[in-house]
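Here's the structure we're looking at; comments come further down.
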Amino acid sequence: MDKVRDKEDSCIVRIRHLMTNRSWNSSELASFSTESRSILKNNKAIAPHTLVPDNDSLLILSPLKNNADHLERYFELIDSLEYPRHKISIAFLVSDSTDETQQLLIEAKQWYQEHSPEMRFNRFDIFHQDFFYSLPRNQRHLFAKQRDRRIMMARARNYLWTRALGNEQWVLWIDGDLEYYPPSIIHDLMAYDKDVIVPNCVIRKKNKRGKWRNKLYDLNSWQETRKSRSLLESLDDDTFLAEGGDSPYITDRKYLNDFDEDEGLVPLDGVGGTFTLVKAHVHRSGIGFPTWLFEHQVETEGFAKLAKANGFGVFGLPNYNIRHVTE
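If you're matching positions, the sequence shown starts at 1 in our numbering and goes up one per residue.
Take a look at the structure:
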């Protein structure tokens with residue numbers, strides 16, 4: 001185990017070095033060029049969805065944009081997972097990035113797949129597709145920007161899973177900027193054997209007494225209520241809904257932190273994408289992330305609504321917490 005840890009640390013050191021050192025030699029640049037051509041080749045490929053699923057195999061998917069500062073922690077968490085490494089494939093989509101996200105992923109791929117047999121993934125794929133969409137970070141949660149922003153995110157997710165999904169049995173969507181999740185989380189979520197399942201994503205903030213407390217981060221995982229259904233019935237078909245921020249609509253939906261402390265698995269009507277485990281047959285059946293309004297939602301919430309409309313189960317764990325970095 002110490003040998004594996006030493007190799008893991010070596011990868012993290014190399015990633016940290018690249019984040020602070022911009023001077024690469026000619027051989028490194030040549031390898032990056034070769035890998036870049038491989039990325040372009042990946043972009044043209046469409047995944048063969050007719051393959052027989054490999055039992056317990058897992059595909060981790062992460063769409064990334066300007067995520068260089070978080071990649072070190074991203075891979076630390078991935079390496080901590082208590083799951084057979086040979087059963088894990090991982091794929092990234094880099095879009096509209098102006099930092100070194102893609103170069104760092106290329107370096108990480110070379111280390112994992114070529115220099116660290118104990119830590120090698122079954123597959124490690126990198127895709128690149130720009131959507132030519134830019135939004136200042138301080139405007140990300142403005143309601144007026146949400147529809148276009150979330151549609152772009154849906155396009156990115158659809159681009160990634162339609163190209164990366166092979167014969168895996170499970171698909172795990174992970175945000176690129178999570179701070180913590182338990183090493184046992186994959187086994188924990190799979191044990192419920194649900195089509196779609198999410199934990200509760202929180203952030204840590206200090207209260208007035210200086211003590212750390214958890215605050216709900218992912219407002220996209222929710223359960224409809226009598227009041228929210230009444231609101232839906234009153235809306236025009238082309239009305240877009242988004243939770244939080246400066247939304248003009250009070251939906252009265254029930255978020256994961258609104259459930260009692262002793263509640264376990266609960267049915268949901270919307271999910272976020274911070275850490276979402278999906279049985280691959282849900283995607284193979286054609287359920288993706290709507291870029292159009294489906295029951296007033298797009299992207300991950302639209303995915304949940306669409307999955308339920310097609311007979312799949314969507315669930316959440318109110319008292320199983322993971323942490324997102326504080327923005």
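Backbone N, C-alpha and C define an ideal beta-carbon position, used for all residues, glycine too.
Sort out for me which residues DSSP pairs residue i with in a bridge.
{"i": "S89", "result": "L59, R123"}
{"i": "P199", "result": "L317"}
{"i": "N214", "result": "R204"}
{"i": "G244", "result": "Looking at the DSSP assignment, G244 forms no beta bridge with any residue, so it has no partner."}
{"i": "H324", "result": "L178"}
{"i": "Q297", "result": "F294"}
{"i": "K254", "result": "Q223"}
{"i": "H128", "result": "V94"}
{"i": "F289", "result": "DSSP lists no partner for F289."}
{"i": "L64", "result": "V94"}
Here's a check: name, in chain order, each residue in its chain whose Cβ is nearer than 6 Å to the Cβ of residue i, leaving out the five neighbours to either side.
{"i": "H70", "result": "G176, D177"}
{"i": "G288", "result": "N158"}
{"i": "L64", "result": "F92, V94, T101, G176"}
{"i": "R147", "result": "F240"}
{"i": "R123", "result": "S89"}
{"i": "E301", "result": "N220, G270"}
{"i": "S97", "result": "K65, N66"}
{"i": "G316", "result": "V198, S221, L256, V266, L268"}
{"i": "D237", "result": "none"}
Please classify residue i as buried or exposed, where buried requires at least 16 neighbouring CB atoms within 10 angstroms.
{"i": "E168", "result": "buried"}
{"i": "L61", "result": "buried"}
{"i": "S23", "result": "In this prediction, S23 has a pLDDT of 45, which is less than 50 and means its spatial position is unreliable; what the coordinates show is noted afterwards. The residue in question, S23, is exposed, as its Cβ has fewer than 16 Cβ neighbours within 10 Å."}
{"i": "G102", "result": "Checking the sequence shown, residue 102 turns out to be Gln, not Gly. Answer is buried; the Cβ neighbour count reaches 16."}
{"i": "E295", "result": "buried"}
{"i": "E118", "result": "exposed"}
{"i": "N220", "result": "buried"}
{"i": "G166", "result": "buried"}
{"i": "P84", "result": "exposed"}
{"i": "K227", "result": "exposed"}
{"i": "P335", "result": "The structure shown does not extend to residue 335, since the chain is modelled only from 1 to 327, so the question has no answer here."}
{"i": "W212", "result": "exposed"}
{"i": "A292", "result": "Correcting the residue type first, residue 292 is Trp in the shown sequence and not Ala. By the neighbour-count rule (16 or more Cβ atoms within 10 Å), W292 is not buried but exposed."}
{"i": "N67", "result": "buried"}
{"i": "S57", "result": "buried"}
{"i": "G210", "result": "exposed"}
{"i": "R155", "result": "buried"}
{"i": "A108", "result": "buried"}
{"i": "Q223", "result": "buried"}
{"i": "R163", "result": "buried"}
{"i": "K205", "result": "exposed"}
Tell me which residues share the same chain as residue i and place their Cβ nearer than 7 Å to its Cβ, disregarding the 5 neighbours each side in the sequence.
{"i": "F259", "result": "V266, P318"}
{"i": "D246", "result": "L142, F143"}
{"i": "L135", "result": "K145, R149"}
{"i": "S80", "result": "P183"}
{"i": "L235", "result": "H296"}
{"i": "E233", "result": "none"}
{"i": "T251", "result": "S228, L231, L241, E243"}
{"i": "N55", "result": "Q169"}
In the DSSP assignment, the beta strand (DSSP E) including residue i goes from what residue to what residue?
{"i": "Q169", "result": "168 to 174"}
{"i": "F75", "result": "F75 -> not in any beta strand (DSSP E); alpha helix (DSSP H) instead, spanning 71 to 80."}
{"i": "E179", "result": "178 to 180"}
Between which two residues does the alpha helix (DSSP H) harbouring residue i extend?
{"i": "V282", "result": "280 to 284"}
{"i": "Y159", "result": "143 to 164"}
{"i": "H115", "result": "No alpha helix (DSSP H) contains H115, which DSSP labels as neither H nor E."}
{"i": "E107", "result": "101 to 110"}
{"i": "L265", "result": "Counting along the chain, L265 falls outside any alpha helix (DSSP H), and DSSP gives it neither H nor E."}
{"i": "L135", "result": "Segment: none, L135 is in no alpha helix (DSSP H) and carries neither H nor E."}
{"i": "L189", "result": "185 to 190"}
Residues in its own chain within less than 8 Å of residue i by CB, not counting five upstream and five downstream?
{"i": "Y112", "result": "C11, M119, R120, F121, F124"}
{"i": "F275", "result": "L172, W173, I174, D175, L178, Y181, I185, V198, P199, C201, I322"}
When the Cβ atoms of the region 268 to 277 are set against those of the region 190 to 209, are three or more pairs found closer than 8 Å?
-> yes
Say whether the region 212 to 225 touches the region 177 to 190, bearing in mind that this needs 3 or more beta-carbon pairs closer than 8 Å, one atom from each stretch.
-> Counting C-beta pairs closer than 8 Å gives fewer than three between the region 212 to 225 and the region 177 to 190, which falls short of the contact rule.
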